[in-house]
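Under this note's numbering, read the sequence shown as residues 22 to 367, first letter to last. All C-beta atoms, glycine included, are put in the ideal place defined by N, C-alpha and C. All values derive from a computational prediction rather than experimental measurement. What follows is a short report on a single structure.
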Amino acid sequence: MRWRRHARINAVRVERTGVMQKSFADLEYAAKRKTTRRERFLAELERITPWSELLAALTPFYPKGEGRGRPPIGLERMLRMYIVQQSLGLSDEGIEDALYDSQAIRRFVGIDLSRESAPDATTLLKFRRLLETHQLTESIFNAINAHLAKKGLLLREGTIVDATLIAAPPSTKNREGKRDEEMHQTKKGQQWYFGMKAHIGVDAQSGLVHTLIGTAANVSDVTQAQALLHGDETQAFGDAGYQGVEKRDENLECPVTWHIALRPSKRKALKDTPQGNLVEWIEHTKASIRAKVEHPFHVVKNLFRHRKTRYRGLAKNTAQLFSLFGFANLVLAKRALLSANTQGAS
């Protein structure tokens, strides 16, 4: 509240004097020498994000603010606030607090507290609901991929399919007094998990995600394999959980060669013979190709800190996953995009 009071006071001063006054925080920030990891991350995100494409995808659905009433906050500012929230794994209230705590985040979003207050959690909530209502997170995902394809970073010759579990709160201590009915249990190894699955199709060359499906955790991986293909690939790769995929009805007429890993028990039983060594070499080669599918999972779960569902229901959580994996693609392609931007500037 103290920040907001100072913001109003400074806004009055600017209105009276017509002079932009820098706050103590701005002067202190400008004088500091060390660049933090968060500052570097946001600076890189600023450079690699296709802002014009994303704004073009969202503009037709964003309120214009015509007529009476308070005009809506600018679309680009809300989009920037949303991107920071997803990239740093913050709640609606968390990103509102972060805007007041972090000068780096304020610079990225475009907030000057000497003249205005930051958008609050309720405003961001309404923006997220707008994205969910019109399936705009999928539009964000597609716009990012179209941008990467123009840069020559998305090829269409091979696809790696995989899925990861995302836990959901199992507690019944909530308003409804029960667990999320759209989430389910599944057993992996000797442990039970409750939540959902994110099934992804990844470009075998670049490791970028081109297809995403969200399901309950008890849905078998192999049932979603066909839907994860974009249709132009000739080769597809999967782990042992996709055994028998080529025999399923939906795949009988699919002109794709499937390369599925042996089950661990069969791989351990391979004999030390020329034939056994050849099979082991083939399995090792397939595993080295499949390793790329772990990179987007690493970014989403470890860098973006998305290890548990944040909302109730598959639709809302899948909508968030489209944004997360879209931004993960940008992070994975960061080196190529920064290099291209540097060459373009020179």
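The segment 150-157 makes contact with the segment 71-83: 3 or more CB pairs, one atom from each, lie closer than 8 Å.
In the DSSP assignment, residue 182 falls within the unbroken beta strand (DSSP E) covering 179-188. DSSP, reduced to helix, strand and coil, places residue 300 within a helical segment of the structure shown.
CA-CA distance, residue 246 to residue 231, rounds to 13 Å. Residue 130: member of the alpha helix (DSSP H) spanning 124-130, first to last residue. The beta carbon of residue 139 lies closer than 7 Å to those of 117, 120, 121 and 132 in the same chain, with the five residues before and after it left out. Taking C-alpha positions only, residue 222 is separated from residue 183 by approximately 7 Å. Residue 148: member of the alpha helix (DSSP H) spanning 142-154, first to last residue. Secondary structure of residue 223 (DSSP, three-state): strand. Rounded to the nearest whole angstrom, the C-alpha separation of residue 171 and residue 180 is 19 Å. Judged by pairs of C-beta atoms under 8 Å, the segment 304-312 touches the segment 276-286, as three or more such pairs exist.
By the CB criterion at 9 Å, residue 335 and residue 235 fall inside the cutoff. According to DSSP, residue 310 shares a beta bridge with no other residue.
Within the DSSP secondary-structure output, residue 236 pairs in a beta bridge with 218.
Distance between residue 104 and residue 276, taken at the CA atoms: about 38 Å. Annotated three-state conformation of residue 255 is coil, per DSSP. For residue 57, no beta strand (DSSP E) run applies, since DSSP gives it neither H nor E. If you check the CB distance, residue 329 and residue 188 come in under 9 Å.
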